[in-house]
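Chemist: Structure provided below as structure tokens; questions to follow.
Numbering (my numbering), first residue to last: 4 to 68.
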């Protein structure tokens, strides 16, 4: 996953962290492919791991040809 760390700038609209739902302030992390915002790198990592596990478990029962 690719992301950008934004310092000293707030999003144009009121934005919440995708993991913990905290309001985004002057420094935040934005995931490039989805545009999702996170309040810090910990929330980004936790959110990413959670989705990786969900995707992995969803594919566990599928047999590749």
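Just so it is clear, CB atoms sit at the ideal spot from N, CA and C, and this is done for glycine as well.
Could you give the uninterrupted runs of the alpha helix (DSSP H) lying entirely in the segment 13-66, keeping only those of 4 residues or more?
Modeler: The qualifying runs are 44-62.
Chemist: If I measure Cβ to Cβ from residue 21 and keep anything under 7 Å in the same chain, skipping five residues before and after, which residues do I get?
Modeler: Counting only Cβ-Cβ distances below 7 Å, and skipping sequence neighbours, we find 39, 40, 41 and 50.
Chemist: Which one of 12, 27 and 10 has the shortest CA to CA distance from residue 18?
Modeler: Out of 12, 27 and 10, 27 has the C-alpha closest to the C-alpha of residue 18.
Chemist: Given a cut-off of 8 Å, decide if residue 47 and residue 35 are closer than it, judged by their beta-carbon atoms.
Modeler: Not closer than 8 Å, so no.
Chemist: Going by beta carbon distance, what residues of the same chain come within less than 8 Å of residue 10, once the five residues before and after it are set aside?
Modeler: Once the five neighbours on either side are set aside, the close Cβ partners of residue 10 are 29 and 30.
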